[in-house]
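Numbered per the numbering used here, the sequence shown spans residues 10 to 152.
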Amino acid sequence: MATRWDPFQEMDRLFGSVLTNRASSSLPMDLFRSGDHYVLAVDLPGVDPGTIDVSVEDRTLTIRAERTPRSSEAQWLLRERATGTFARQLTVGRGLALDKIEASYADGVLTLTIPVSEEAKPRKIEIAHAGSRGEITTGADAG
Numbered sequence: 010m011a012t013r014w015d016p017f018q019e020m021d022r023l024f025g026s027v028l029t030n031r032a033s034s035s036l037p038m039d040l041f042r043s044g045d046h047y048v049l050a051v052d053l054p055g056v057d058p059g060t061i062d063v064s065v066e067d068r069t070l071t072i073r074a075e076r077t078p079r080s081s082e083a084q085w086l087l088r089e090r091a092t093g094t095f096a097r098q099l100t101v102g103r104g105l106a107l108d109k110i111e112a113s114y115a116d117g118v119l120t121l122t123i124p125v126s127e128e129a130k131p132r133k134i135e136i137a138h139a140g141s142r143g144e145i146t147t148g149a150d151a152g
């Protein structure tokens, strides 16, 4: 009995497994704004909290962590969870207080809270106007 071999199907299978492995070894994250700060949540399941490193240099935020392999003497039947060092870098824009980032790690999720800088927050600008004698007064002085 002859079998049919489709080279495109085989290539699709190979590329699919490569992309699946690449996606599983990345650091998936969510980013949202809540009031006057941004929240970045990064999935780091199975990572030793002592290996997590968060740093900021200029406008680059770097997150680095390590997942160590379980016993190498085990007879693996399936091994999909990647091990080793993982890193992700984000270029952040101006208007953030990068010196006031707060970080916490719970339930396999690293959460960074990044406040908006005071200079970037919206504010009211008072308008000066001329008084009856040609004097300029501010809105606070006007009565």
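All residues carry an ideal CB built from backbone N, CA and C; glycine is no exception.
- Less than 8 Å separates the beta-carbon of Lys109 from that of Pro124.
- Bounds of the beta strand (DSSP E) holding Ile72 are 69–76.
- Considering only Gly44, Arg90, Arg97, the residue with the shortest C-alpha distance to Ser126 is Gly44.
- Restricting attention to Ile136, Thr122, Thr92, the CA atom closest to the CA of Ala74 is found in Thr92.
- Ala106 and Arg79 have their alpha carbons spaced roughly 39 Å apart.
- Leu40 is classed as exposed because its beta carbon has fewer than 16 other beta carbons within 10 Å across all chains shown.
- In the DSSP assignment, the residues bridged to Glu111 are Thr122.
- Excluding sequence positions up to five before and after Arg103, its CB lies less than 6 Å from no other CB in the same chain.
- Of Ile61, Asp116, Ala137, Glu66, the smallest CA-CA separation from Thr100 is found for Glu66.
- Of the candidates Leu49, Gly140, Arg68, Thr60, Leu49 places its Cα closest to the Cα of Glu111.
- Per the coordinates, the alpha-carbon of Lys133 lies some 19 Å from the alpha-carbon of His46.
- Taken atom to atom, the span from the alpha-carbon of Val118 to that of Ser81 is near 26 Å.
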